[in-house]
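Below is one structure, written out as structure tokens; comments come after it.
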Amino acid sequence: MSSAAGAQLAAFVAGHGCTRERETPVAVPAGAWDAFVHAVVRQRIGGLAVASVDAGELVVDDAQHARLVDLCEQQFALDLKLERLARTAARLLDAAGIDFRLLKGPAVARLAYPRPELRSFADVDLLLPGDRFDDAVEVLCDALAFGRRFEEPHAGFTSRFAKGVCLSAGDGLELDLHRTLAAGPYGATLDVDALFAATSARVVIGDVTIPALNLEHAFVHACLHAVLGGDDRDLVSLRDVVALAEHGADAGAIADYCGRSRVGPVVRLALERAATRLRWAVPTELATHFDVARPSRFDRWALSTYERDGAAYAAQAAATFWVLPSIRDRAAYARALVWPDDRYLRTRDRGHLRRLSRSASLALRWRPR
Amino acid sequence: VTDRAIALAPAPDVLVRHTPMSVVLCTDAVAEPMVLRDTARTIWSAFADGASTEAVAADLARDFQLELAEAEQALAPVVAELRAAGALAPVR
């Protein structure tokens with residue numbers, strides 16, 4: 001009971017600043033404080049919690065306020081270390097002549113929120129063009145002494161087919177390099193070239209100006225992450241959806257891009273969840289555009305591969321095979337996953353035959369129906 | 370004693386977050402971000418608002434009922450630490 005009350009209060013706090021019905025100030029229910037603090041830390045919404053107190057929406061005593069401020073200081077210290085990492089990575093990629101876009105937290109905090117304190121984050125995410133992806137990995141790993149958290153099945157697989165790669169360092173900081181904005185079938189249908197072709201937004205971090213996705217593309221990315229991210233820490237992504245929508249993301253441009261990328265139903269789900277969880281009043285223009293985006297047979301199949309219970313990664317990998325655009329792509333994709341490099345195989349399967357059998361079974365199980 | 374002849378301001382590359390009770394700073398020169406509370410936070414905010422070192426010392430002297438020389442002495446280590454961390458830099 002106290003856990004549910006704490007989580008509910010966290011969702012209320014995450015909706016601070018959203019257009020929603022004015023509510024009377026809320027106090028922390030008896031016995032729910034610890035669960036609320038746990039949720040605030042886990043969802044990284046300390047800044048929104050303190051802002052809720054300052055705005056008179058959340059009533060806490062002095063000790064509770066001091067605790068929330070303390071949590072913010074800890075989270076802000078991490079935010080700043082990550083911003084510093086983002087700035088360093090941006091300088092390195094610029095020097096190497098590699099185009100990129102800053103994604104999610106550090107970008108959206110400055111693009112769509114009134115103050116960056118309202119949007120914390122856990123890592124740095126960069127989108128890279130597939131044809132320079134491996135160059136970027138090499139540049140960043142060499143200069144920052146970072147390493148890949150996971151091996152790729154075959155050289156060049158990530159830059160051609162995967163969502164991306166996670167680089168990490170001894171200090172625990174992580175740099176997520178993305179080739180596309182989602183794993184699985186929706187990552188494969190997404191028009192990634194359009195993300196680079198569009199005029200980028202500019203984010204100033206200290207003394208460096210960094211390119212980021214424009215508001216519309218950042219909005220779509222927030223929706224994809226909120227719905228397909230496979231994580232119950234979805235409040236921040238849903239809050240991004242609201243922040244970007246209310247900061248002027250153009251509903252028509254969003255709908256156009258979603259139509260080309262076949263992700264309209266995902267955006268519709270994200271809008272529904274933001275409305276329910278954050279009590280947000282979805283702007284009429286957005287609601288009108290996406291009310292018609294009902295899940296097709298393809299969407300029901302694709303969305304089922306992202307369900308949290310079960311082997312989502314394997315399901316997405318198998319389903320991606322069926323949405324790749326050409327036979328040549330499918331052959332290369334299947335070759336890499338069915339017959340991966342030995343080093344990759346050693347960490348996952350006992351041998352090539354077992355891998356072959358498992359891959360065939362997965363591909364059949366997750367074929368389009 | 371702080372060199373009053375040098376005008377100081379937040380360095381262009383310093384990264385900052387504010388809470389209602391503190392300021393968190395990060396620069397390339399420090400491994401871990403610094404958390405400034407109480408008087409250190411007030412001093413930082415004064416420099417961020419464009420106050421001169423002389424004016425900051427005068428404010429401290431007034432707020433804590435100190436002689437100006439005492440206030441300057443109290444200010445000096447905080448300024449030295451912020452400069453060493455690359456958070457405060459001379460104004461060009």
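Protein sequence lines, in the order shown, are assigned to chains A and B.
At position 297 of the first sequence (counting the first as 1) the number is 297 in this note's numbering, and the numbers step up by one without a gap.
At position 85 of the second sequence (counting the first as 1) the number is 454 in this note's numbering, and the numbers step up by one without a gap.
Think of the CB as a built atom: it goes at the ideal place given N, C-alpha and C, for glycine as much as any other residue.
Bear in mind that the values here come from a model prediction, so they are computed numbers and not experimental data.
DSSP-derived helix/strand/coil call for residue i
i                      : result
residue 28 of chain A  : coil
residue 148 of chain A : strand
residue 265 of chain A : helix
residue 18 of chain A  : coil
residue 281 of chain A : coil
residue 297 of chain A : helix
residue 125 of chain A : strand
residue 376 of chain B : coil
residue 458 of chain B : strand
residue 78 of chain A  : helix
residue 101 of chain A : strand
residue 6 of chain A   : helix
residue 108 of chain A : helix
residue 165 of chain A : strand
residue 60 of chain A  : coil
residue 153 of chain A : coil
residue 45 of chain A  : coil
residue 23 of chain A  : coil
residue 341 of chain A : coil
residue 11 of chain A  : helix
residue 272 of chain A : helix
residue 451 of chain B : helix
residue 288 of chain A : helix
residue 444 of chain B : helix
residue 333 of chain A : helix
residue 316 of chain A : helix
residue 257 of chain A : helix
residue 347 of chain A : coil
residue 370 of chain B : Caution is warranted here: a pLDDT of 42 is assigned to residue 370 of chain B, below 50, making its placement in the model unreliable, and no coordinate value can be reported.
residue 368 of chain A : coil
residue 158 of chain A : helix
Whole-angstrom distance between residue j and residue i, CA atom to CA atom
i                      : j                      : result
residue 249 of chain A : residue 430 of chain B : 50 Å
residue 223 of chain A : residue 107 of chain A : 15 Å
residue 374 of chain A : residue 241 of chain A : Any property of residue 374 of chain A remains undetermined from this structure, which presents chain A solely from 1 to 369.
residue 381 of chain A : residue 330 of chain A : Nothing can be reported for residue 381 of chain A: it is not among the residues displayed for chain A, which extend from 1 to 369.
residue 376 of chain A : residue 346 of chain A : With chain A covering only 1 through 369, there is no way to say anything about residue 376 of chain A.
residue 25 of chain A  : residue 42 of chain A  : 23 Å
residue 455 of chain B : residue 343 of chain A : 44 Å
residue 179 of chain A : residue 217 of chain A : 15 Å
residue 132 of chain A : residue 191 of chain A : 17 Å
residue 44 of chain A  : residue 440 of chain B : 39 Å
residue 203 of chain A : residue 221 of chain A : 17 Å
residue 332 of chain A : residue 298 of chain A : 23 Å
residue 141 of chain A : residue 400 of chain B : 19 Å
residue 409 of chain B : residue 57 of chain A  : 30 Å
residue 437 of chain B : residue 450 of chain B : 20 Å
residue 167 of chain A : residue 175 of chain A : 5 Å
residue 286 of chain A : residue 113 of chain A : 19 Å
residue 95 of chain A  : residue 89 of chain A  : 10 Å
residue 31 of chain A  : residue 52 of chain A  : 20 Å
residue 7 of chain A   : residue 186 of chain A : 29 Å
residue 171 of chain A : residue 85 of chain A  : 12 Å
Spatial neighbours of residue i in its chain, beta-carbon cut-off 8 Å, leaving aside the 5 residues before and after
i                      : result
residue 40 of chain A  : 10, 13, 46, 49, 68 and 71
residue 323 of chain B : Beyond the ends of chain B as shown, which are 370 and 461, falls residue 323 of chain B; an answer cannot be given.
residue 91 of chain A  : 208
Proximal residues to residue i (C-beta, below 6 Å), its chain only, five neighbours per side dropped
i                      : result
residue 295 of chain A : 265
residue 15 of chain A  : 278 and 279
residue 384 of chain B : 395
residue 381 of chain B : none
residue 400 of chain A : Outside the shown range of chain A, which is 1 to 369, sits residue 400 of chain A, and nothing can be said about it.
residue 165 of chain A : 148, 158 and 177
Contacting residues, own chain, Cβ-Cβ under 7 Å from residue i (five flanking each side not counted)
i                      : result
residue 188 of chain A : 320, 323 and 324
residue 312 of chain A : 230, 305 and 306
residue 234 of chain A : 226
residue 275 of chain A : 282
residue 219 of chain A : 241, 244, 245, 249 and 254
residue 129 of chain A : 99 and 196
residue 303 of chain A : 295
residue 428 of chain B : 415
May I have a chain-ordered list of the alpha helix (DSSP H) segments no shorter than 4 residues that lie completely inside the stretch 378-429 of chain B?
407-417
Going along the chain, which unbroken runs of the beta strand (DSSP E) with 3 or more residues stay wholly within the stretch 168-249 of chain A?
174-178, 201-205 and 208-212
Stretch-stretch touch, CB-based, cutoff 8 Å, three pairs: the stretch 142-153 of chain A with the stretch 192-205 of chain A:
no
Between the stretch 358-366 of chain A and the stretch 312-325 of chain A, do at least 3 Cβ pairs fall closer than 8 Å?
yes
Sufficient close CB pairs (3 or more, under 8 Å) joining the stretch 95-105 of chain A to the stretch 203-218 of chain A:
yes
Contact the stretch 72-83 of chain A vs the stretch 111-128 of chain A: 3+ CB pairs below 8 Å
yes
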